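Okay, structure first, notes after.
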Amino acid sequence: MTEEQQFEAFMRDYQNMVFSTAMRLVANQAEAEDISQEVFLRAYERFAELRNSPTVGGWLKTVATNLSLNHLSRYRSRWRFFSELIRGGGEQDEIDVEFAAPDDTEAELTRKDRRAMVESVLQKLPPAQRVPLVLYHLEGLSYEEIATKLGVSLGKVKTDIFRAREALHKRLSRYREEMAGS
Amino acid sequence: MNSEYEKHLEAEMDRELKDLPELTAPPGLALRVMRAIEARAARAPYRAPWQQWPAGLRVAAFAALALMFSALCFAVWQLPRTEQAGLARQQVSQWLAPAGSFWSALSAVAHALTLVVARLGTGVWVAWALLVGVAYLVCVGLGTAYFRLALARR
């Protein structure tokens with residue numbers, strides 16, 4: 128097996144993880160693909176040391192996260208400005224607090240459908256909310272680490288994550304209601 | 006904000022998000038990366054970033070650049086001392102003579118403008134600055150209202 132073939136096999140093992148990380152942060156398939164390509168080109172340069180490393184998954188995830196954040200930082204001032212504008216608008220409506228126990232409707236809703244819906248809602252969130260939410264829940268970063276990475280205050284990170292959770296919860300509840308009604 | 010509500014919300018969303026499976030990478034990604042690797046390998050060494058050049062080539066390139074810079078510095082130092090440089094200076098002065106009259110005309114216009122500014126008085130200029138400021142604020146306000154409405158409907 129040549130080195131190229133070994134790298135191709137290595138890439139096939141990790142491409143979904145790298146692509147998912149980039150896609151959930153940038154929410155754009157073409158950009159996520161470009162970022163994934165760059166991640167693997169960097170991995171190729173260090174393939175000799177990475178191929179047997181037990182932390183290769185973490186390395187790839189970190190590089191994918193950093194490249195995605197670098198990509199987003201080009202537009203950050205824009206989305207931060209707009210996120211501040213939205214803050215005073217309709218998104219601030221009080222949300223009904225309901226954590227219903229799993230019922231028949233929930234049981235009917237297949238797990239696959241629900242995941243697809245969560246994924247879709249996640250990608251429709253504004254970047255100012257989606258990025259810290261993904262970094263917290265999926266990348267396992269603390270609020271402080273997110274604040275440092277994004278160069279924003281701790282308070283803003285907490286508020287944005289809270290709003291993202293609320294938006295996600297609201298849309299999930301709406302979806303459940305629609306499913307119950309149909 | 007109710008902290009119990011926040012805890013429930015965090016737990017629920019954590020469960021939902023962690024339950025998400027990995028997305029499937031586009032089928033062409035691996036091929037695309039392999040092509041990029043081949044293209045990189047095939048390109049001329051000098052087209053690679055400088056940090057990736059072989060060490061010998063980097064040293065040679067650095068020495069060549071240092072030599073060129075030294076030659077340029079020496080030339081700049083020596084050139085004004087030559088006879089040809091004096092002749093060239095005279096030639097350039099002749100070429101630039103028409104620019105002198107243009108400069109005089111420009112100075113006269115600038116002087117006239119300064120007189121106009123002095124005659125108008127401070128009040129007019131303050132009013133003008135206020136008008137520009139108000140126009141700017143109106144633009145910002147309208148832009149803000151537009152984006153608020155446009156994004157709130159998404």
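Protein sequence lines, in the order shown, are assigned to chains X and W.
Take 128 as the starting number for the first sequence in the working numbering and just add one per residue.
Take 6 as the starting number for the second sequence in the working numbering and just add one per residue.
Even glycine gets a Cβ: it sits at the ideal position worked out from N, Cα and C.
All values derive from a computational prediction rather than experimental measurement.
{"Query": "Beta-carbon spacing of leucine 252 of chain X, arginine 151 of chain X below 8 Å", "Result": "no"}
{"Query": "Beta carbon proximity, glutamate 177 of chain X to chain W, threshold 8 Å", "Result": "For the sequence presented, residue 177 of chain X should be read as leucine rather than glutamate. So, not an interface residue."}
{"Query": "Cβ-based burial, histidine 1 of chain W [other Cβ within 10 Å; buried from 16]", "Result": "Outside the shown range of chain W (6 to 159) lies residue 1 of chain W, about which nothing can therefore be said."}
{"Query": "Chain X contacts made by the segment 17 to 41 of chain W, where a contact means CB separation under 8 Å", "Result": "Glu17, Met18, Asp19, Glu21, Leu22, Lys23, Asp24, Leu25, Pro26, Glu27, Leu28, Thr29, Ala30, Pro31, Leu34, Ala35, Arg37, Val38, Met39 and Ala41"}
{"Query": "Where leucine 125 of chain W falls, given that 16 or more other Cβ within 10 Å makes a residue buried", "Result": "exposed"}
{"Query": "Start and end residues, alpha helix (DSSP H) containing asparagine 143 of chain X", "Result": "130 to 153"}
{"Query": "Status (buried if at least 16 other CB within 10 Å, exposed otherwise) for alanine 188 of chain X", "Result": "The sequence as given places lysine at residue 188 of chain X; alanine does not occur at that position. Classification of lysine 188 of chain X: buried, given that the 10 Å Cβ count is 16 or more."}
{"Query": "Euclidean distance between Cα positions of glutamate 293 of chain X and leucine 22 of chain W", "Result": "13 Å"}
{"Query": "Cβ of proline 59 of chain W within 8 Å of any chain X Cβ", "Result": "no"}
{"Query": "Contact under 8 Å by Cβ, serine 163 of chain X with glutamine 132 of chain X", "Result": "no"}
{"Query": "Delimiting residues of the alpha helix (DSSP H) encompassing tryptophan 55 of chain W", "Result": "No alpha helix (DSSP H) contains tryptophan 55 of chain W, which DSSP labels as neither H nor E."}
{"Query": "Under 8 Å by beta carbon: chain W residues contacting glutamate 293 of chain X", "Result": "Leu14"}
{"Query": "Three-state class that DSSP yields for asparagine 193 of chain X in the structure shown", "Result": "helix"}
{"Query": "Backbone CA spacing between isoleucine 273 of chain X and arginine 290 of chain X [nearest angstrom]", "Result": "16 Å"}
{"Query": "Contact check, serine 147 of chain X vs leucine 28 of chain W, beta carbons under 8 Å", "Result": "yes"}
{"Query": "Coarse secondary structure for leucine 125 of chain W, derived from DSSP in three states", "Result": "helix"}
{"Query": "Buried versus exposed, by CB contacts within 10 Å (16 or more), arginine 48 of chain W", "Result": "exposed"}
{"Query": "Cutoff 8 Å: glutamate 11 of chain W Cβ touching any chain X Cβ", "Result": "yes"}
{"Query": "Contact set between the segment 266 to 300 of chain X and chain W, restricted to residues whose Cβ is under 9 Å from the partner", "Result": "Ile288, Phe289, Ala291, Arg292, Glu293, Leu295, His296 and Leu299"}
{"Query": "Within-8 Å CB hit, arginine 257 of chain X to chain W", "Result": "no"}
{"Query": "contact_flag[the segment 171 to 181 of chain X, the segment 275 to 284 of chain X] where n(CB pairs < 8 Å) is 3 or more", "Result": "no"}
{"Query": "Beta carbon proximity, histidine 198 of chain X to chain W, threshold 8 Å", "Result": "no"}
{"Query": "Cβ neighbours of methionine 144 of chain X in the same chain (closer than 6 Å, five flanking residues each side left out)", "Result": "none"}
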